[in-house]
Amino acid sequence: MERVYNFSAGPAIMPVSVLKTIQKDLLSYQGSGMSVMELSHRSSLFQSIMNDAESLLRELMTIPSNYKVLFLQGGASLQFIMLPMNLGKTKVAYVNTGSWSEKAIEEAQKVDGLTVEVIASSKENNFIENPEIPLVSKEYDYVHITTNNTIEGTAFLNIPANGEVSLVADMSSNILSSSYEVSDFGLIYAGAQKNIGPAGMTVVIVREDLIGLKENLPAMLDYKIQADSGSMYNTPPTFAIYAAKLMFEWLKELGGVAEIEKINREKAAMLYAAIDSSTLFYSPVSKNSRSLTNIPFVTGNAELDKLFIKQAESQGMINLKGHRSVGGMRASLYNAFPKEGVNKLVALMKEFETKVE
Ligand code: PMP
1 MERVYNFSAG PAIMPVSVLK TIQKDLLSYQ GSGMSVMELS HRSSLFQSIM
51 NDAESLLREL MTIPSNYKVL FLQGGASLQF IMLPMNLGKT KVAYVNTGSW
101 SEKAIEEAQK VDGLTVEVIA SSKENNFIEN PEIPLVSKEY DYVHITTNNT
151 IEGTAFLNIP ANGEVSLVAD MSSNILSSSY EVSDFGLIYA GAQKNIGPAG
201 MTVVIVREDL IGLKENLPAM LDYKIQADSG SMYNTPPTFA IYAAKLMFEW
251 LKELGGVAEI EKINREKAAM LYAAIDSSTL FYSPVSKNSR SLTNIPFVTG
301 NAELDKLFIK QAESQGMINL KGHRSVGGMR ASLYNAFPKE GVNKLVALMK
351 EFETKVE
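In UniProt numbering, the protein residues as written are 1 to 357.
Shown next, in the form of structure tokens:
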């Protein structure tokens with residue numbers, strides 16, 4: 001079976017070695033005679049998958065001991081509301097850097113009695129360049145940022161010191177692909193389906209003092225209940241957690257986040273170099289805000305974009321179509337995306353460009 005170069009923004013490409021382990025384990029996990037999917041979440045076999053997944057993630061991200069790690073469901077989208085329900089007491093601040101930030105803001109606005117202020121935005125700029133993250137006074141319960149804007153292709157790769165107010169980050173599309181200092185944040189959340197594994201699991205990393213600030217929340221939406229029950233208040237997404245554990249092992253073997261960041265920088269540099277030296281393709285994003293994981297590029301001509309995407313498909317490079325709100329192309333180069341795929345894309349860009357001229 002031929003594998004393709006899958007440039008999807010998520011669910012995204014996974015390493016073949018991880019998929020093979022899943023295949024090997026499928027009918028009988030560790031001699032149990034059962035698939036991981038059939039294991040009770042209360043069994044010792046599953047409990048050790050859960051423990052390993054958590055300790056591997058702690059190791060990979062150097063998560064300090066005063067942070068809890070939760071494996072929840074509902075995607076990053078559920079965190080858009082769960083976060084303000086748990087941490088928003090009176091007033092919260094958001095930095096608006098794209099469609100996902102906007103969704104996070106809209107959801108926070110639904111929390112009764114909570115004032116939501118957008119303290120910086122790149123909307124007027126069509127989201128092509130990230131604004132500075134302003135320092136704010138203590139009256140805010142948190143400042144929310146999106147570290148990587150999956151659709152627009154921008155990222156905050158350096159996080160400025162943020163004073164006394166906790167920084168909260170949606171890290172869905174660059175968790176584990178760039179190094180961040182967890183202690184710079186009060187809370188980090190991320191959907192799994194990009195760098196962590198299959199869809200179905202959401203990682204929440206939260207500083208202990210931010211847990212249990214509000215009472216009488218619905219149980220499933222209460223960080224305290226989820227933390228106190230070890231993410232097992234109800235049946236957790238067992239298969240997704242198992243797959244995430246394998247992904248964490250794969251990343252650890254590769255040398256961890258610092259090592260994959262180096263590789264990700266090389267992959268991104270190859271593609272940006274091709275875009276910047278092209279007479280046809282260009283990047284809509286300002287150089288100082290460019291993402292390493294989601295790289296949009298366009299010709300400026302919708303018909304040519306379409307033709308390019310079609311030719312790429314015929315060569316086994318799929319899911320290059322840009323998000324419908326942006327158009328053009330977008331190459332998502334998450335951790336598992338191989339360098340050879342970037343080489344192949346760059347070669348096609350060069351060939352296409354000469355034919356068009
Ligand atoms: N935030 C960002 C930055 C995303 O890229 C996505 C998904 N593409 C989401 C939130 C929503 O994630 P989910 O589909 O897991 O709810």
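For glycine and all other residues, C-beta sits at the position ideal for the given N, C-alpha and C.
If you run the structure through DSSP and keep just helix, strand and coil, what is residue i?
i, result
"residue 67", "strand"
"residue 297", "strand"
"residue 341", "helix"
"residue 332", "strand"
"residue 290", "strand"
"residue 216", "coil"
"residue 285", "coil"
"residue 22", "helix"
"residue 317", "strand"
"residue 135", "coil"
"residue 326", "coil"
"residue 348", "helix"
"residue 56", "helix"
"residue 167", "strand"
"residue 354", "helix"
"residue 89", "coil"
"residue 121", "strand"
"residue 363", "One cannot answer for residue 363 here, as it falls past the ends of the chain, which runs 1 to 357."
"residue 174", "coil"
"residue 76", "helix"
"residue 36", "helix"
"residue 16", "helix"
"residue 155", "strand"
Is the beta carbon of residue i less than 8 Å from the beta carbon of residue j?
i, j, result
"residue 121", "residue 150", "no"
"residue 154", "residue 290", "yes"
"residue 252", "residue 60", "yes"
"residue 92", "residue 29", "no"
"residue 178", "residue 303", "no"
"residue 271", "residue 331", "yes"
"residue 119", "residue 95", "yes"
"residue 316", "residue 297", "no"
"residue 227", "residue 196", "no"
"residue 70", "residue 231", "yes"
"residue 11", "residue 182", "no"
"residue 370", "residue 97", "Nothing about residue 370 can be reported from this structure: the residues present for the chain run from 1 to 357 only."
"residue 148", "residue 174", "yes"
"residue 189", "residue 79", "yes"
"residue 381", "residue 184", "Coverage of the chain is limited to positions 1 through 357, which leaves residue 381 absent and any answer about it impossible."
"residue 208", "residue 279", "no"
"residue 333", "residue 264", "yes"
"residue 170", "residue 76", "yes"
"residue 40", "residue 46", "yes"
"residue 224", "residue 337", "no"
"residue 294", "residue 176", "no"
"residue 246", "residue 22", "yes"
"residue 318", "residue 6", "yes"
"residue 233", "residue 49", "no"
Buried or exposed: which applies to residue i, given that a residue is buried once 16 or more other Cβ atoms fall within 10 Å of its Cβ?
i, result
"residue 351", "exposed"
"residue 237", "buried"
"residue 14", "buried"
"residue 90", "exposed"
"residue 139", "exposed"
"residue 72", "buried"
"residue 341", "buried"
"residue 274", "buried"
"residue 283", "buried"
"residue 339", "exposed"
"residue 37", "exposed"
"residue 161", "exposed"
"residue 193", "buried"
"residue 299", "buried"
"residue 116", "buried"
"residue 137", "exposed"
"residue 259", "exposed"
"residue 152", "buried"
"residue 288", "exposed"
"residue 4", "exposed"
"residue 53", "buried"
Using a C-beta cutoff of 8 Å, does residue i count as contacting chain B?
i, result
"residue 221", "No chain B is present in this structure, which holds just one protein chain."
Taking 8 Å as the cut-off, does the stretch 78 to 86 touch the stretch 122 to 136 (at least 3 CB pairs, one atom from each stretch)?
Taking 8 Å as the limit for Cβ pairs, the verdict is that the stretch 78 to 86 does not touch the stretch 122 to 136.
How do the stretch 112 to 121 and the stretch 59 to 79 stand: do at least 3 beta-carbon pairs fall below 8 Å, yes or no?
no
Determine, using beta-carbon pairs with one atom in the stretch 32 to 41 and one in the stretch 207 to 215, whether at least three such pairs fall under 8 Å.
no
Runs of alpha helix (DSSP H) wholly within the stretch 188 to 273 (minimum 4 residues, chain order)
223 to 228 and 238 to 254
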